[in-house]
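Residue numbers (the working numbering): 1 to 243.
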Amino acid sequence: MFKGKRWIRAVLCIFFLLAALIGAGMYLKKIYTIRNVYVEGNIHYSEDEIKAIVMNGFLGDNSLYLSLKYKNKGIEGIPFVDVVDVAVLSPDTIKIIVYEKTLTGCVRYMDTYVYFDRDGYVVESSSVKTVGVPEIMGLQFDHIVTGEKIPVENQEIFGRILSTTMLLQKYSLTPDKIYFNKSGETTVHFGSTKVALGNDAARLEDKLMLLPEILEKLEGKSGVLQMQTYDEDSGKYTFKPEG
């Protein structure tokens, strides 16, 4: 009889313990269910894509679980992204911070866009063209390996590409393509408008700072804006229509 009572008490203790654990679990799930998500730093991926990467799997919508899962470590192995960090702002709110890889430009190789950094090292490749990353034309190479430099004869070209793209960004200019020919001349493509900038690196910024206003006047027109010998003092330029 005594043993029977002890067995009943043990069963009741286990029952109440399980009930308490289930209740605590439901409480934590309710309190820490994510309702607000902020994403910053993303360019290549949309907010929804970043959320799907971070908040995947079992308890992917639970901030307590995510805080433990990503504590002292970010997410790696995502194309075009260095690291993704997750910060828990409150029980129902998280902030996802994306640190994307620095992409200076891309080249077309075997029907693929190959993206490279400021030094010419191949970062990633994709069948999709990333908005805001110009396609670089005129480079001559016979193969490409991810993680290695693009094997062009004149490695100094990457310094020119970097300085050109940085100046374009400075003046909020987003070209589709940039062409560098063997003579060192640069032509920048903005849709159907091409801008021939010549090869005078010293005067490149002087030309680019004036370009936004000029392009506004040429919007919708197809042709070549010849700025090789553009006269800043007179404000005159030559535009040759095409088609």
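Glycine residues also receive a C-beta, built at the ideal position from the N, C-alpha and C atoms. Quantities reported herein were computed from a predicted structural model and do not represent experimental measurements.
Collapsing the DSSP output to three states places LYS30 in a helix. If you look at VAL54, you'll find it in the alpha helix (DSSP H) that goes 47 to 54. Looking at the backbone, the Cα of LYS95 and that of LYS73 are separated by about 15 Å. Exposure of LEU89 is indicated by the presence of fewer than 16 other C-beta atoms within 10 angstroms of its C-beta.
Our two residues, ARG203 and VAL37, have alpha carbons roughly 46 Å apart in a direct line. Residue pairing for MET137: DSSP places it in a beta bridge opposite TYR179.
The continuous alpha helix (DSSP H) containing ILE214 extends over residues 211 to 217. Close CB contacts of GLY120 within its chain, under the 6 Å cut and outside five residues either way in sequence, are with LYS149, ILE150 and PHE158 (chain order).
GLN228 places its beta carbon 7 Å or farther from that of THR238.
Sorting LYS240, VAL81 and LEU197 by C-alpha distance to the C-alpha of ILE53 places VAL81 at the top. Here PRO212 is not near GLY223, since their CB atoms are 7 Å or more apart.
DSSP places SER63 in the uninterrupted alpha helix (DSSP H) bounded by 63 to 69. In this structure, ALA87 is the residue among ALA87, VAL83 and PRO79 with its C-alpha nearest to the C-alpha of TYR65. In the three-state DSSP reduction, MET110 falls in the coil class, being neither helix nor strand. For HIS143, the closest C-alpha among the options LYS69, LYS30, THR112 and SER67 is that of THR112. Burial state of TYR115 is buried, judged by a 10 Å Cβ sphere holding 16 or more other Cβ atoms. DSSP places THR164 within a helical segment (H, G or I) once states are collapsed to three. Residue burial annotation: VAL39 is buried, with at least 16 other C-beta atoms found within 10 angstroms of its C-beta. In this structure, the straight-line span from the alpha carbon of PHE58 to that of ASN42 is close to 24 Å. Distance from the Cα of THR165 is smallest, within the candidate group GLY198, TYR70 and GLU205, for GLU205. For LEU197, the enclosing beta strand (DSSP E) begins and ends at 193 to 198. Shown here, LEU204 sits in a helix according to DSSP, grouped into three states.
Membership of PRO241 in the beta strand (DSSP E) is indicated by the continuous run 236 to 241. TYR171: not part of any beta strand (DSSP E); DSSP gives it neither H nor E.
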